[in-house]
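S.K.: Using my numbering, the first residue of the sequence shown is number 2, and each one after it goes up by one.
Glycine included, every Cβ here is placed at the ideal spot set by N, Cα and C.
Just so it is clear, the structure is predicted and the values come from calculations on it, not from any experiment.
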Amino acid sequence: MFEAKFMVLKAPFMSKSGGVSSEHPLASTAGSQVLREGGNAVDASVSVSLALAVTQPHLGSIGGDFFALIYESSSGKVYCINSSGWSPKELNLQLLEDLGLKEIPVASPHAVVVPGMISGLQKIHERFGTLKFSKLAEYSIKLAEEGFPASHRFSEAISRSRGKLVSEYARNLFFKGGNPPAAGELILQKQLANTLRSVASDPRSFYEGWIAESLCKFLNSKGGVFDIDDFGDFEGEWVEPLKSTYRDFEVYEVPPNSQGATSLIILNILENFDLPILDPLEARRIHLFAEAAKRAYIDKNRYLADPRFVDIPLDEILSKSHGKKLAETIREDSVLDYSSLKPGDTTNFVVIDKSGNIVSAIQSLFHGFGSGLIDPETGILLNSRASYFNLSGPNKVEPRKRPLHTLSSMIAISEDNEILAIGTSGGDYRPQQHALLLTNIV
2 MFEAKFMVLK APFMSKSGGV SSEHPLASTA GSQVLREGGN AVDASVSVSL ALAVTQPHLG
62 SIGGDFFALI YESSSGKVYC INSSGWSPKE LNLQLLEDLG LKEIPVASPH AVVVPGMISG
122 LQKIHERFGT LKFSKLAEYS IKLAEEGFPA SHRFSEAISR SRGKLVSEYA RNLFFKGGNP
182 PAAGELILQK QLANTLRSVA SDPRSFYEGW IAESLCKFLN SKGGVFDIDD FGDFEGEWVE
242 PLKSTYRDFE VYEVPPNSQG ATSLIILNIL ENFDLPILDP LEARRIHLFA EAAKRAYIDK
302 NRYLADPRFV DIPLDEILSK SHGKKLAETI REDSVLDYSS LKPGDTTNFV VIDKSGNIVS
362 AIQSLFHGFG SGLIDPETGI LLNSRASYFN LSGPNKVEPR KRPLHTLSSM IAISEDNEIL
422 AIGTSGGDYR PQQHALLLTN IV
């Protein structure tokens, strides 16, 4: 059994028949209900994801992206789905220059990539699901149609994003009477419920039917440059997960265009120090961890991007020798100057079923409430992921390119087949959170 080396603030949940961990109780309820009805971890994940999109739209609506690691207990294999959207084919550096932009504004149609989430859910369901997709969407449709009670955190998030939730639709949805909803007030999303019904019947309608047409028309009315083919040509992609080791664990992460490699670089650096003899709150351990993270983030910024556009020396930067070389640059009496991290809003969840199948998934709009743009016909709140593009370097703006992603998930498997599924919110901070959790537990 794992022995946590840090303070546990909540009692652990234990079950022999499966479990769901998510950021909203109604989403966890949706997944648990699917497990009780005989669905597996992937079935439950579809239901959890859609329910989170309704109840946590500021963190991960269906207008955002999706990644997941899936552990198949029968084979012991780990699979990875990358369903992060690409930029429209007309978005390029020349366009931004013509518009006088030195970066892509968050609250802008140019910040929106084709939302990948629904394709990702369809892909994992087609490969591993056992229940009908339409059934798995029922709970989220009900939540959108009949409403869910706003929490204090949700109300505060709405208040913080008042400056970009300026459309008439957004005001009617989130600022009835001019104020954010009080805790317990029902949030109704009728248009989104209709959209989810179409998705439940045919997920590809998001990319090839009326939903895609509506999103394309809406974004272009705001100055966007989308073509319907930007949606129709998009599909989530099965990719090989990154794999490394930390002590006696095999550690899996999401590959580029995700920043998952950053967590593995941190771990490779830290393996060169005897962390277990140091208390998690000891100054020396915190110093070593922070310095390892800084060096890993420098590698992230130097190399990581969409691998369809750049060559990434993954074998080199994920090697133990590279980790050792970086570890040797850490000094006990000095610190490396590094401060380019950016926060982000995301929602992660983990599901395990009675057979031991595990899904560690993450979905996001990037910033809280994404771009702030909501299509009134579909009720879809749209992401701001393209604002993470740069104007130069490996992550520069290019047509149909996927931005470097802050999203990642982790699964770690010991030699004794003990399995940890780790995921957090946190934007650029996520890689060090993954590494911190693993090193504190292992």
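At what residues does the beta strand (DSSP E) containing residue 244 begin and finish?
M.R.: Reading the sequence shown from its first residue, position 243 is the one you call residue 244. Its beta strand (DSSP E) spans residues 243 to 247.
S.K.: For residue 140 and residue 57, which I take to be in contact (beta-carbon distance under 8 Å), what is that distance rounded to the nearest angstrom?
M.R.: Locating residue 140 in the sequence shown gives position 139, counting from the first residue. Locating residue 57 in the sequence shown gives position 56, counting from the first residue. Actually they do not touch by this definition, with Cβ atoms about 14 Å apart.
S.K.: Report the residue from 50, 17 and 42 whose alpha carbon sits nearest the alpha carbon of residue 27.
M.R.: Your numbering for residue 27 matches position 26 in the sequence shown. Residue 50 is the option with its Cα nearest to residue 27.
S.K.: Measuring straight from C-alpha to C-alpha, what distance separates residue 212 and residue 358?
M.R.: Taking the sequence shown and counting its residues from 1, one reaches residue 212 at position 211. Taking the sequence shown and counting its residues from 1, one reaches residue 358 at position 357. Approximately 33 Å between the Cα atoms of the pair.
S.K.: Report the rounded CA-to-CA distance for residue 150 versus residue 158, giving the unit in angstroms.
M.R.: By 1-based counting over the sequence shown, the position of residue 150 is 149. By 1-based counting over the sequence shown, the position of residue 158 is 157. Taking the straight line from one Cα to the other gives about 14 Å.
S.K.: In whole angstroms, give me the CA-to-CA distance for residue 301 and residue 131.
M.R.: Sequence index remark: in the sequence shown, residue 301 carries index 300 (1-based). Sequence index remark: in the sequence shown, residue 131 carries index 130 (1-based). If you take the alpha carbons of residue 301 and residue 131, they lie about 38 Å apart.
S.K.: Note down the Cα distance separating residue 178 from residue 172, rounded to an integer number of angstroms.
M.R.: Along the sequence shown, read from residue 1 onward, the residue named residue 178 stands at position 177. Along the sequence shown, read from residue 1 onward, the residue named residue 172 stands at position 171. Roughly 9 Å between the two C-alpha positions.
S.K.: Where in the region 365 to 417 do unbroken runs of the beta strand (DSSP E), each at least 3 residues long, occur, reported from the N-terminal end onward?
M.R.: Listed in chain order, they are 411 to 415.
S.K.: Grab the span of the alpha helix (DSSP H) containing residue 175 for me, first residue to last.
M.R.: Position 174 of the sequence shown, counted from the first residue, corresponds to residue 175. Unbroken alpha helix (DSSP H) run through residue 175: 169 to 175.
S.K.: Could you check the C-alpha separation between residue 413 and residue 365 for me, to the nearest Å?
M.R.: If you number the sequence shown from 1, residue 413 lands on position 412. If you number the sequence shown from 1, residue 365 lands on position 364. Taking the straight line joining both Cα atoms gives about 23 Å.
S.K.: DSSP three-state call for residue 73: helix, strand or coil?
M.R.: Taking the sequence shown and counting its residues from 1, one reaches residue 73 at position 72. Strand, per DSSP.
S.K.: Is it buried or exposed for residue 303, if we count other Cβ within 10 angstroms and need 16 for buried?
M.R.: Here residue 303 refers to the residue found at position 302 when the sequence shown is read from its first residue. Residue 303 is exposed by the Cβ-count criterion.
S.K.: How far does the alpha helix (DSSP H) with residue 195 in it reach, from first residue to last?
M.R.: Sequence index remark: in the sequence shown, residue 195 carries index 194 (1-based). It spans 191 to 202 - the alpha helix (DSSP H) in which residue 195 sits, taken as one unbroken run.
S.K.: Just tell me which of 109, 285, 105 and 47 has its CA closest to the CA of residue 122.
M.R.: The residue labelled residue 122 in the question sits at position 121 within the sequence shown. Measuring from the Cα of residue 122, the nearest candidate turns out to be 47.
S.K.: Is the Cβ-Cβ distance between residue 406 and residue 424 less than 9 Å?
M.R.: Translated into positions along the sequence shown, residue 406 becomes position 405. Translated into positions along the sequence shown, residue 424 becomes position 423. The answer is no: Cβ separation not under 9 Å.
S.K.: Am I right that residue 370 and residue 120 are in contact with their C-beta atoms under 8 Å? What's the rounded C-beta distance?
M.R.: The residue you call residue 370 lines up with position 369 of the sequence shown. The residue you call residue 120 lines up with position 119 of the sequence shown. About 22 Å; that fails the 8 Å criterion.
S.K.: Considering only the alpha carbon of each residue, which of 186, 251 and 88 lies closest to residue 419?
M.R.: In the sequence shown, counting from the first residue as 1, residue 419 sits at position 418. If we check each option's Cα against that of residue 419, 251 comes out closest.
S.K.: Taking the alpha carbon of residue 148 as the point to measure from, which residue in 128, 169, 116 and 185 has its own alpha carbon closest?
M.R.: As a position in the sequence shown, residue 148 is number 147, starting the count at 1. Ranking 128, 169, 116 and 185 by Cα distance to residue 148 puts 185 first.
S.K.: Given that a residue counts as buried once 16 or more other Cβ atoms are within 10 Å of its Cβ, and exposed if not, what is residue 125?
M.R.: As a first step, residue 125 is located in the sequence shown; it is residue number 124 there, counting from the start. Residue 125 is buried by the Cβ-count criterion.
S.K.: Please report how far the alpha carbon of residue 144 lies from the alpha carbon of residue 52, in whole angstroms.
M.R.: Position 143 of the sequence shown holds residue 144. Position 51 of the sequence shown holds residue 52. When rounded, the distance between both Cα atoms is 7 Å.
S.K.: Classify residue 153: buried if its beta carbon has 16 or more other beta carbons within 10 angstroms, exposed otherwise.
M.R.: Here residue 153 corresponds to residue number 152 of the sequence shown, with the count starting at 1. Label assigned to residue 153: exposed.
S.K.: Count Cβ pairs between the region 225 to 245 and the region 380 to 395 that sit closer than 8 Å; are there 3 or more?
M.R.: No, the region 225 to 245 does not touch the region 380 to 395.
S.K.: Any beta carbon of chain B sitting closer than 9 Å to that of residue 209?
M.R.: Absent from the structure is chain B; it holds one protein chain and no more.
S.K.: Tell me the residue span of the alpha helix (DSSP H) that contains residue 211.
M.R.: Position 210 of the sequence shown holds residue 211. Here the alpha helix (DSSP H) through residue 211 covers 211 to 222.
S.K.: In terms of residue numbering, what span does the alpha helix (DSSP H) encompassing residue 22 cover?
M.R.: Counting from 1 along the sequence shown, the entry for residue 22 is found at position 21. Where residue 22 is concerned, there is no enclosing alpha helix (DSSP H), although the beta strand (DSSP E) it sits in stretches over 19 to 22.
S.K.: Going by the beta-carbon positions, is the gap between residue 92 and residue 398 smaller than 9 Å?
M.R.: For this step, residue 92 is matched to residue 91 along the sequence shown. For this step, residue 398 is matched to residue 397 along the sequence shown. Cβ distance < 9 Å, so residue 92 and residue 398 count as in contact.
S.K.: Going straight from the alpha carbon of residue 188 to that of residue 112, what length do you get?
M.R.: In the sequence shown, the residue the question calls residue 188 occupies position 187. In the sequence shown, the residue the question calls residue 112 occupies position 111. Each residue's alpha carbon lies about 26 Å from the other.
S.K.: Mapping DSSP to helix, strand and coil, what is residue 308?
M.R.: In the sequence shown, residue 308 corresponds to position 307, counting from 1. Residue state, collapsed to three classes: coil.
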